[in-house]
Amino acid sequence: MPSAPGGICAGGIVGLGPRRGRPLFPRLSFSGGPPVGPQPNYVIPLADVDGSHEPLVGGKSARLGTLADAGHPIAPGFCVTIRAYELFLAESRLESLVRMELDRKRFEDMRWEEIWDAALRIRSAFLSHPVPAEVAVAVIEALAPYPADTAWAVRSSAPGEDSANRSFAGLHESYVGVVGRQAVIDALRLVWASLWSDAAMLYRQELGLDPARSRMAVLVQAMRTEEVSGVAFGCDPRKLSCEFAIVEAVPGLCSGLVDGQVDPDWWQLRRSDGTIVEWRPGSRDEVGTPSPLLQEQDLSHLLGVLIGVESLFAWPPDIEWTGRAKRFTLLQARPITTLAPDGKDKRGWYLTLRPGMARLRKLRTRVAEELIPALEAEGIRLAAEDLEARTNEQLAEAIEERLASVKRWTKTYWDEFIPFAHGVRRLAVYYNDAVRPEDPYEFVGLLQGEDLLATQRNAALQSLAGRLRHNTPLCDAIEKACGSTSTDAMNWQQDVLAAVRSLMGGESFLTEFRRTLESVLDLAYGNTRLSDRPDLILRTVLEMARSIDQDVRRTTKSGIQTAETLTQRLLAAVGPERREEALETLEIGKLSWRLRDNDNLLLARVESQLIRAIDVAARRLKSTDRLAPGAKVTDKAAGPIIAGLRDRTAGEIVLLEETETERVTKSVCPDETPRQLIGQPAAPGLETGTVRCIRSSEDLGRFQAGEVLVCDAIQPMMTHLVPLASAIVERRGGMLIHGAIIARELGIPCVNGIPNVVDALKDADLVTVDGYLGIVTIGLPEFDLELAETR
15 MPSAPGGICA GGIVGLGPRR GRPLFPRLSF SGGPPVGPQP NYVIPLADVD
65 GSHEPLVGGK SARLGTLADA GHPIAPGFCV TIRAYELFLA ESRLESLVRM
115 ELDRKRFEDM RWEEIWDAAL RIRSAFLSHP VPAEVAVAVI EALAPYPADT
165 AWAVRSSAPG EDSANRSFAG LHESYVGVVG RQAVIDALRL VWASLWSDAA
215 MLYRQELGLD PARSRMAVLV QAMRTEEVSG VAFGCDPRKL SCEFAIVEAV
265 PGLCSGLVDG QVDPDWWQLR RSDGTIVEWR PGSRDEVGTP SPLLQEQDLS
315 HLLGVLIGVE SLFAWPPDIE WTGRAKRFTL LQARPITTLA PDGKDKRGWY
365 LTLRPGMARL RKLRTRVAEE LIPALEAEGI RLAAEDLEAR TNEQLAEAIE
415 ERLASVKRWT KTYWDEFIPF AHGVRRLAVY YNDAVRPEDP YEFVGLLQGE
465 DLLATQRNAA LQSLAGRLRH NTPLCDAIEK ACGSTSTDAM NWQQDVLAAV
515 RSLMGGESFL TEFRRTLESV LDLAYGNTRL SDRPDLILRT VLEMARSIDQ
565 DVRRTTKSGI QTAETLTQRL LAAVGPERRE EALETLEIGK LSWRLRDNDN
615 LLLARVESQL IRAIDVAARR LKSTDRLAPG AKVTDKAAGP IIAGLRDRTA
665 GEIVLLEETE TERVTKSVCP DETPRQLIGQ PAAPGLETGT VRCIRSSEDL
715 GRFQAGEVLV CDAIQPMMTH LVPLASAIVE RRGGMLIHGA IIARELGIPC
765 VNGIPNVVDA LKDADLVTVD GYLGIVTIGL PEFDLELAET R
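Counting along the sequence shown from 1, when you hit position 23 you're at 37 in the working numbering, and nothing is skipped either side.
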């Protein structure tokens, strides 16, 4: 498909209305007039552009100029050249910031969340700097001949963009329905920033992105509002067959088609004679069979345009158009993009994780009202089944059912839950574009107070800790029980019962603890069911009891503005005319964040029920000496376990030894201890403490209050440890992952995105975590070393 006119805006943020807040170009003085003397070409009328201007105005603009010279009708407008972008970079000194973002970490080690974060920081920096006065004057003069209420399309036009060798749709952003000079200049900076969008950075090698050389021009055209618009392809893009041409049409603007909001009419035409081979009507609110949006003469005209554009540029085109007959306007033309599928290249999949508002609305209904309730019900149903009473065949069927359920819900997780999580990223961009905060992550405060399942679990554990805080005998008895060598849930609970039943508050504590295990801790962490390891959970509860008032202190020092305050800032910035739009973006963003956390826990419960069924089967097989007593049983053993249940005549079941998945190549030599580790600053603050690495479920019970939590990634199943931590360090990077969000809310420093950090650090290492700069210093802090040298 052609690049979306409207980029992220086409999905619902259509148009950039007047903005309240700081001036868009405060250094611009209209009274003094434009600078005196010869000036670079910051703006060139589109009517004056031809193919020779491509290095200055970019491929999209130069191609439209060539089309106009060949007699094709195009919308009037002008080009903001790369000279304007260069002046903006020079005055704002943003080139060094872009380079820092690109060089902070090896690109091969960056997850897509980290790339998105880098793009957000660059975008926010671009918006925080004014457009140079000379450029603003040139743009305003170019707008002057048009009526003030003219709606504009502001599109990217990077040199080389949409060329035959570098045609990647939707990597840079464009905006439609932009009204007013302030809004046009706003959109100008957004398009400049999209040179460094997350999508563009994924294809940095193909695009040749380099802060020192890459430039962005911008195409500004008056919009045409016609009854019908669409796209057309000179060859069938599905097969690259040039026997047929393809035409798609929708009522109104083409952005509805590109963003997937409107189902198009679809035609296949034989190129040789224009015969209509097939027509498929789009879904429209019409009674009976809908009438075609285009007549034969319209299709014939479009086919002629396709053939003419192909002869002009020597490649089969992908065009956007609007209008019929004399009102026909060619919006853009570029080579058809059809890349051969590569199973190892996940970039195309990542680009699908940026749905527009139309798809987010559909996902909101499906995910929130259908899928999440169904997933929750599945976990409850499976947990209620009595597996001990089942025959071997029934137990084998139960394992197969759970395997199928995990597979089905895991696919749903990737296909629908993860795309819906983009709602919170869309909220981030929307908030920053409107409010222009100094901190590009101020929007995180909007997510405070959401009713997460993880929060409910943590509250339940805090309630248990409250029962222990002033009950020393009960604490001592439970601590002694935690040292028990038995990790079997049933035996362990019997030990605890004997130890605490006679103590004051013991019986009520155990009752609440059992209820907590069943209701919020029926989760799988790796191949361990947390509800089967009460010793791990109670050790954490004891640590919570010892860290009295820690949560209150942290919440006070975090300094994050309340969600209500930030909501009012957003509504004030967009104004009453966009209030409903802002509230919908906010509602979808908060819902996507809440469900993105909850879906992990609900899926973990289904996984827990798979492990439970396998464990029941393993105990049964061990009791009949068909499975070695010390055999390590995981979900990978499901196949042999099922076969063993069904074939009683078979001998002992032998499970293959599982080898630990090889880690990514270490960046730290075995005998080398680095002084500093560089990552992403995910939550501000500065803390020194000793390391506790979380590599397995056993480590959950070893974590002590005040330690620095080091792990691959904070999972929703382990967020109950976060309030105990003095700081957090993670391998996985991103500002919107669980650890970063919770750390910011609690005022705990967090640095993430450090490759192989669990290998680079070991338990009891002394580290200083700098959440402002994204640095972890190993050993005594510098000021301690300086103090030691003076002694």
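For each residue, glycine too, the CB sits at the ideal point set by N, CA and C.
Quick caveat: nothing in here was measured; it's all calculated off a predicted structure.
query                                                                                                                      : result
Distance CB(Pro-643)-CB(Lys-650) smaller than 8 Å                                                                          : no
Test item: CB-CB of Ile-655 and Ala-632 under 8 Å                                                                          : yes
The stretch 341-352 touching the stretch 272-292, judged by at least three CB pairs closer than 8 Å                        : no
Three-state secondary structure assigned by DSSP to Gly-7                                                                  : Only positions 15 to 805 of the chain appear in the structure, and residue 7 is not among them; the question remains open.
Contact belief for Glu-187 with Ser-171 at Cβ below 8 Å, rounded distance in angstroms                                     : In fact, because the Cβ distance is near 12 Å, the residues do not count as touching under 8 Å.
For Arg-543, the three-state DSSP class (helix, strand or coil)                                                            : strand
Host alpha helix (DSSP H) of Glu-601 (start-end)                                                                           : 593-637
Same chain only: Cβ atoms within 6 Å of Pro-698, ignoring 5 sequence neighbours per side                                   : Gly-785, Tyr-786
Residues that Leu-233 bridges to, as DSSP identifies them                                                                  : Cys-93, Arg-169
Cut-off 6 Å between Cβ atoms - residues of its own chain near Leu-78, not counting five sequence neighbours on either side : Ile-88
Selected residue, minimal CA-CA separation from Ile-625, among Ala-652, Thr-638, Leu-616, Ala-757                          : Ala-652
Selected residue, minimal CA-CA separation from Glu-324, among Gly-463, Cys-249, Gln-408                                   : Cys-249
Residue interval of the alpha helix (DSSP H) (run including Asp-661)                                                       : Run containing Asp-661: none; DSSP gives neither H nor E here.
Which of helix, strand or coil DSSP assigns to Arg-284                                                                     : strand
Rounded C-alpha distance that separates Trp-329 from Gly-73                                                                : 15 Å
Span separating the alpha-carbon of Arg-610 from that of Asp-639                                                           : 44 Å
In DSSP terms, what Arg-294 is bridged to                                                                                  : Trp-280
The alpha helix (DSSP H) enclosing Gly-753, as first and last residue numbers                                              : 752-760
Test item: CB-CB of Arg-553 and Ala-719 under 8 Å                                                                          : no
Inter-residue Cα distance where the pair is Ala-741 and Thr-733                                                            : 13 Å
Separation of Pro-265 from Ala-339, as counted between CA atoms                                                            : 15 Å
Secondary structure of Pro-250, DSSP reduced to three states                                                               : According to the sequence shown, residue 250 is Asp rather than Pro. Strand at Asp-250.
Residue nearest to Ser-138 in terms of C-alpha spacing, selected from Gly-194, Trp-210, Val-198                            : Trp-210
Boundaries of the alpha helix (DSSP H) in which Arg-422 is found, first to last residue                                    : 406-426
Exposure of Ala-391, with buried meaning 16 or more beta-carbon neighbours within 10 Å                                     : exposed
Where Arg-195 sits in the DSSP three-state scheme                                                                          : helix
Check whether Ala-162 and Met-237 have beta carbons under 8 Å apart                                                        : no
Coil, strand or helix - Ile-394 by DSSP                                                                                    : helix
CA-to-CA distance, Glu-532 to Arg-543, given in whole angstroms                                                            : 11 Å
Short Cβ contact (8 Å threshold) for Leu-478 with Glu-526                                                                  : yes
Rounded straight-line distance, which links the Cα of Arg-593 to that of Thr-581                                           : 11 Å
Whole-angstrom distance between Phe-342 and Val-115, CA atom to CA atom                                                    : One point to set straight first is that residue 115 is Glu, not Val, in the sequence displayed. Rounded to whole angstroms, Glu-115 to Phe-342 spans 44 Å at the Cα level.
Segment limits, alpha helix (DSSP H) that includes Thr-554                                                                 : 548-560
Cα-Cα separation, Asp-131 to Ser-66                                                                                        : 37 Å
Contact check, Leu-223 vs Leu-441, beta carbons under 8 Å                                                                  : no
Helix, strand or coil at Tyr-189 [DSSP, three-state]                                                                       : strand
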